[in-house]
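If you count the sequence shown from 1, position 48 lands on 665 in the numbering used here, and the numbers rise without skipping.
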Amino acid sequence: MTGWASAQTATSGCGRFAPSPSSRLHLGNLRTALLSWLFARTSGRGFAVRIEDLDTARSKPEMADRHLAELAALGLDWDGPVVWQSARGDAYAAAIDRLTAAGLTYECFCTRREIAEAASAPHAPPGAYPGTCRDLPAAERERRRAAGRRPALRLRARTATLTVDDAVAGPYTGTVDDLVLRRGDGTVAYNLAVVVDDAAAGIDQVVRGDDLLPSTPRQVHLAHLLELPVPRFCHVPLVLGPRGRRLSKRDGAVTLEDLVAAGTDAGAVRTLLAVSLGLADPGEAVSPAELLARFDPHRLPTTPWVYRPAPAGSDRPVR
Ligand code: GLU
618 MTGWASAQTA TSGCGRFAPS PSSRLHLGNL RTALLSWLFA RTSGRGFAVR IEDLDTARSK
678 PEMADRHLAE LAALGLDWDG PVVWQSARGD AYAAAIDRLT AAGLTYECFC TRREIAEAAS
738 APHAPPGAYP GTCRDLPAAE RERRRAAGRR PALRLRARTA TLTVDDAVAG PYTGTVDDLV
798 LRRGDGTVAY NLAVVVDDAA AGIDQVVRGD DLLPSTPRQV HLAHLLELPV PRFCHVPLVL
858 GPRGRRLSKR DGAVTLEDLV AAGTDAGAVR TLLAVSLGLA DPGEAVSPAE LLARFDPHRL
918 PTTPWVYRPA PAGSDRPVR
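Rendered as structure tokens:
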């Protein structure tokens with residue numbers, strides 16, 4: 618079965634929303650949060666929230682607190698404690714050890730520049746690591762370590778492509794390369810953490826922005842190698858700004874805080890998101906419970922939502 622509704626197979630599993638606390642949630646993120654909550658709750662699943670704060674240089678704890686407060690203000694509830702990736706280092710280390718014990722990792726000394734140069738060579742699969750360090754002799758690795766280079770750890774991938782059956786996109790074939798598992802500075806890579814965390818939390822339904830669709834074959838390959846279950850994926854279109862590009866801060870009042878400051882309360886923002894999903898009429902007050910009752914994945918819009926923020930001086934977003 619394909620189409621949005623195929624993500625809905627009844628189960629006792631769990632859906633989730635997993636924001637990165639490096640920047641504010643904009644309407645696109647909030648709409649994805651609402652959708653993932655609706656998909657989970659209307660299919661009898663639990664719903665979990667995970668804070669993806671592995672990038673310590675960019676993550677801010679107070680930003681995560683704001684994300685949680687904003688989800689609650691929209692009326693989204695979640696089960697169990699919030700999972701913070703920064704507290705899950707042992708689980709990631711265990712997964713990396715398992716891959717290493719199976720001969721599925723190697724050290725990579727390449728700089729970003731070397732990778733960019735090699736990846737732009739003719740015939741290189743787009744965006745794929747070309748495997749430069751895959752078969753470095755031990756003595757050469759030793760020499761580079763002694764010279765002070767801190768290696769990243771990469772996966773020795775067993776396939777170059779993989780097809781994922783996405784609930785919205787249908788069958789999607791994408792590149793799998795020797796992705797980074799742990800960066801040279803010790804930071805665990807998102808692709809590994811997300812696979813380990815979804816499995817540990819019993820997540821069997823992943824509703825997220827379709828900018829992550831190209832990463833999904835890599836994640837599914839990792840799940841296969843770690844013998845972890847693969848969730849049902851449902852990649853939803855991003856929200857576009859008035860210029861037809863991905864919504865961003867440059868487009869004006871696009872966060873809940875901006876909108877509240879301009880006089881649109883959280884309930885009205887819920888309405889705005891619901892209208893974009895065909896679940897409410899403009900200006901109609903809708904409770905989270907009413908949205909659950911109205912939600913029908915067969916009737917979700919299939920084209921991206923173009924959001925037009927209010928012109929300066931106006932207190933209303935333009936719908
Ligand atoms: N943390 C990612 C983001 O905010 C989402 C990851 C995921 O949903 O798998 O874009």
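Glycine residues also receive a C-beta, built at the ideal position from the N, C-alpha and C atoms.
- Message: Can you list, in chain order, the residues of its chain with a C-beta nearer than 6 Å to that of Gly692? Leave out the 5 residues immediately preceding and following it.
- Response: Pro905
- Message: Quick check on the burial criterion: 16 or more other C-beta atoms within 10 angstroms. Buried or exposed for Leu909?
- Response: exposed
- Can you give the beta carbon distance from Thr1014 to Asp672, rounded, assuming they're within the 8 Å contact cut? Residue 1014 lies beyond the residue range present for the chain, which begins at 618 and ends at 936; the question has no answer from this structure.
- Message: So within the region 774-828, which uninterrupted beta strand (DSSP E) runs reach at least 3 residues, ignoring any that extend past its ends?
- Response: 778-783, 787-792, 797-799, 822-826
- Message: Across the region 711-731 and the region 675-693, are there enough close Cβ pairs to call them in contact, namely three or more that are closer than 8 Å?
- Response: no
- Message: Taking 7 Å as the cut-off, is the C-beta of Pro636 nearer than that to any heavy atom in the ligand GLU?
- Response: yes
- Message: Taking the beta carbon of Met618 as the centre, do at least 16 other beta carbons fall within 10 Å, making it buried, or is it exposed?
- Response: With a pLDDT of only 48 at Met618, under 50, the local geometry of the prediction cannot be trusted, and no value is derived from it.
- Message: Taking only three categories from DSSP, how would you classify Tyr709?
- Response: helix
- With a Cβ-Cβ cutoff of 8 Å, do Trp701 and Ala665 count as a contact? no
- Message: On a Cα-Cα basis, can you pick out the residue from Asp815, Tyr709, Leu876 that is closest to His643?
- Response: Leu876
- Task: Return helix, strand or coil for Ala769, following the three-state DSSP convention.
- Result: strand
- With distances taken from CA atoms, which of Arg760, Leu890, Gly801 is nearest Phe912? Leu890
- Query: Should Val823 and Asp815 be called a contact, given that it needs their Cβ atoms to be closer than 8 Å?
  - Reply: yes
- Message: If you measure between the beta carbons of Leu857 and Leu864, is that distance less than 8 Å?
- Response: yes
- Query: Can you tell me whether DSSP reads Gly645 as helix, strand or coil?
  - Reply: helix
- Message: Quick check on Thr888: does DSSP put it in helix, strand or coil?
- Response: helix
- Query: Looking only at C-alpha atoms, which of Val892, Asn646, Ala719 sits nearest to Arg775?
  - Reply: Ala719
- the ligand GLU heavy atoms versus the CB of Glu687: any closer than 7 Å? no
- Task: Can you say whether Glu757 is buried or exposed, counting buried as having 16 or more other CB atoms within 10 angstroms of its CB?
- Result: exposed
- Message: Check this for me: beta carbons of Asp795 and Arg771, under 8 Å apart or not?
- Response: yes
- Task: State the Cα-Cα distance for the pair Thr920 and Leu651, rounded to the nearest angstrom.
- Result: 17 Å
- From Arg705 to Gly900, what distance separates their C-alpha atoms? 43 Å
- Alpha carbon to alpha carbon, what distance is there between Trp654 and Arg867? 27 Å
- Query: On the three-state DSSP scale, how would you describe Thr717?
  - Reply: helix
- Flag Val811 as yes when its Cβ comes closer than 7 Å to any non-hydrogen atom of the ligand GLU, and as no otherwise. yes
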